[in-house]
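S.K.:
Numbering (the working numbering), first residue to last: 671 to 1233.
(1) DSSP three-state call for residue 1137: helix, strand or coil?
(2) Tell me which same chain residues have a C-beta within less than 6 Å of the C-beta of residue 789, skipping the five on either side of it?
(3) Among the candidates 1037, 840, 1168 and 1146, whose CA atom is the shortest distance from the CA of residue 1207?
(4) Tell me the residue span of the alpha helix (DSSP H) that contains residue 803.
(5) Which ranges would you report for the beta strand (DSSP E) in the segment 918-972 if only whole runs of at least 3 residues count?
(6) Who does residue 1208 pair with in a DSSP beta bridge?
(7) First and last residue of the alpha helix (DSSP H) that includes residue 1023?
(8) On the three-pair Cβ rule with 8 Å, is the segment 720-735 touching the segment 762-780?
(9) So, are the CB atoms of residue 838 and residue 706 less than 8 Å apart?
(10) Which residues mark the beginning and the end of the alpha helix (DSSP H) in which residue 750 is found?
(11) Expressed to the nearest angstrom, what Euclidean distance is found between the alpha-carbon atoms of residue 886 and residue 917?
(12) Between 1029, 1217 and 951, which has its C-alpha nearest residue 1155's C-alpha?
(13) Could you tell me the distance, in whole angstroms, from the CA atom of residue 809 to the CA atom of residue 794?
(14) Across the segment 1219-1230 and the segment 1168-1179, are there enough close Cβ pairs to call them in contact, namely three or more that are closer than 8 Å?
(15) Would residue 1143 pass as a contact of residue 1056 if the rule is Cβ separation under 8 Å?
(16) Can you tell me which of the three DSSP states residue 884 falls into?
(17) What does the alpha-carbon distance come out to for the pair residue 877 and residue 919?
(18) Going by alpha carbons, who is nearest to residue 937 out of 909, 963, 902 and 913?
(19) To which residues of the same chain is residue 1066 closer than 7 Å at the C-beta, ignoring the five residues directly before and after it?
(20) Does the distance from the CB of residue 905 to the CB of residue 852 come in under 8 Å?
(21) Can you tell me the Cα-Cα spacing of residue 1071 and residue 857, whole angstroms?
(22) Report the CB separation of residue 1011 from residue 710 in whole angstroms; it is logged as a contact under 8 Å.
(23) Does DSSP put residue 769 in a helix, in a strand, or in coil?
(24) How big is the Cα-Cα spacing for residue 797 and residue 988?
(25) What do you reckon, are the CB atoms on residue 847 and residue 913 nearer than 8 Å?
(26) What residue does the alpha helix (DSSP H) around residue 843 start on, and which one ends it?
(27) Taking three-plus beta-carbon pairs below 8 Å as touching, is the segment 1000-1010 in contact with the segment 1182-1197?
(28) In the structure shown, what three-state DSSP assignment does residue 1046 receive?
(29) So what does DSSP say about residue 699, is it helix, strand or coil?
(30) Could you compute how far the alpha carbon of residue 769 sits from the alpha carbon of residue 859?
(31) Do residue 981 and residue 991 have their CB atoms nearer than 8 Å?
(32) How would you write the range of the alpha helix (DSSP H) that residue 1218 sits in, first residue to last?
(33) Which of the three DSSP states is assigned to residue 1069 in this structure?
(34) When every heavy atom of the ligand ZN is checked, does at least one fall within less than 7 Å of the C-beta of residue 1069?
(35) Within this structure, are the beta carbons of residue 799 and residue 864 separated by less than 8 Å?
(36) Thinking residue 1125 and residue 921 are a contact (beta carbons under 8 Å), I'd like their distance in whole angstroms, please.
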């Protein structure tokens, strides 16, 4: 049974593309199949295979795809090639995705039946239909056009894996837009969007007429809006770069929204709002308000999402482990990462490269200890059994830490080299792991420049221009990874007061306490926003508490922000 209330981060998207001898599933044969499995916004499995159709491939198909009879002569038969896909489709929380889902699904389902299998009952999502509803800026919605619009490099067109990769990347972009602009939170919301009317009627709805006094007053500024019931109970809290524009999209006869939001609109009787200086300010306020108020329809955002960090433990034989908290225990924490899966991939690649131990707890080496399985498969040198000296192990741990904390000679350079080596050796899955790790570490460096990436080492000032770009900016100051100052300042005002505040903030020793849920949430929001909107902000690392130096840095930051 399809669970339409499944939250978007919990869905397994299996993105599929096939190449055929031409025609429909009943008449023609598969010659290639590929799929990617996406969980938590990351690709965690991929598969691609040619298929022997046991029939000549038409010339026009060979010209279009580059697949020839000679290429498929020794390829697996259809049942063997499609079995891995069927295995993935039968797992829980799975949605079948294709750019023309009707076409690909008909071919795959026909293949499953033809080979004696049972077609699973799962939800199907079409990125072409989704693009028609979301990407209204473009007229054509073929895969090449959609990929180009989403800023995605579409390699190996008309080959199954190349088209699958382009479809998967486009899907992630469109999900982000559906969440940001249309409040999509569940599988049901996403499926409803692909079938929503393509043209929104201009005629105003009854709800819009009733709420006209509010809609006429709401400003065209960034901020947070509140939908209230007749008894002024908060139903929903949302954010917007433009409050007036965003709120008014709810109140047409056929709004482009999922079913849960459409149901909520019937109960809205009052609207209030708070303006913020910037979109980032709105995101921070929205998250805090949802946790404080617990609105009825903000189901997915009521609780803090446990972020993911990598921790170098403070031990005689340090470990690199995955955690969802930052404690004051002397360890070094790196992150936050977008997903547990991505953090796990980076951890595993570093542990594999530097042979760090995976066993839990403190290590008490003894010559009579028996090394674990990792030692026998050459993933560890056996420090537990004194087969590796402590000095040698600490050297490896130091190198591993350096590769996470240094921009040029560390993680980025190393991962680029390892990615190129893996690709050259045709280890494409390992190369993909390196590529994803590279992107994630570069994302985290948005808060540190060439400084260390440990959370408690993040001392940065961020300036974001407000809507009134030439007159004011919003300042965000993080000290040891915690948001300590958020202030809108006019370009024309004296900076002396805020510089003194910054000097006082950075003169304070790091707070030796566990990060609160709110502090971790703020760090996650700021990191994510900077990665997506890096061209809209300017930053400097606060490496000094000297008043003159901070004044010079802030003055330069203000100048660059409004340039």
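Just so it is clear, CB atoms sit at the ideal spot from N, CA and C, and this is done for glycine as well.
M.R.: A quick look at the data gives this:
(1) coil
(2) 779 and 782
(3) 1146
(4) 797-804
(5) 940-945
(6) 1133
(7) 1010-1024
(8) no
(9) yes
(10) 748-759
(11) 11 Å
(12) 951
(13) 24 Å
(14) yes
(15) No, the Cβ-Cβ distance between residue 1143 and residue 1056 is not below 8 Å.
(16) helix
(17) Roughly 12 Å separates the two Cα atoms.
(18) 902
(19) 1024, 1025 and 1026
(20) no
(21) 39 Å
(22) 5 Å
(23) coil
(24) 45 Å
(25) no
(26) 830-852
(27) Segment contact: the segment 1000-1010 against the segment 1182-1197, three or more CB-CB distances shorter than 8 Å; contact assigned.
(28) In this structure, residue 1046 counts as helix in the three-state DSSP scheme.
(29) coil
(30) Straight-line Cα distance between these residues: approximately 18 Å.
(31) yes
(32) 1217-1231
(33) helix
(34) Ligands in the displayed structure: none, and consequently the ligand ZN is not present.
(35) yes
(36) So it is not a contact: roughly 42 Å between Cβ atoms.
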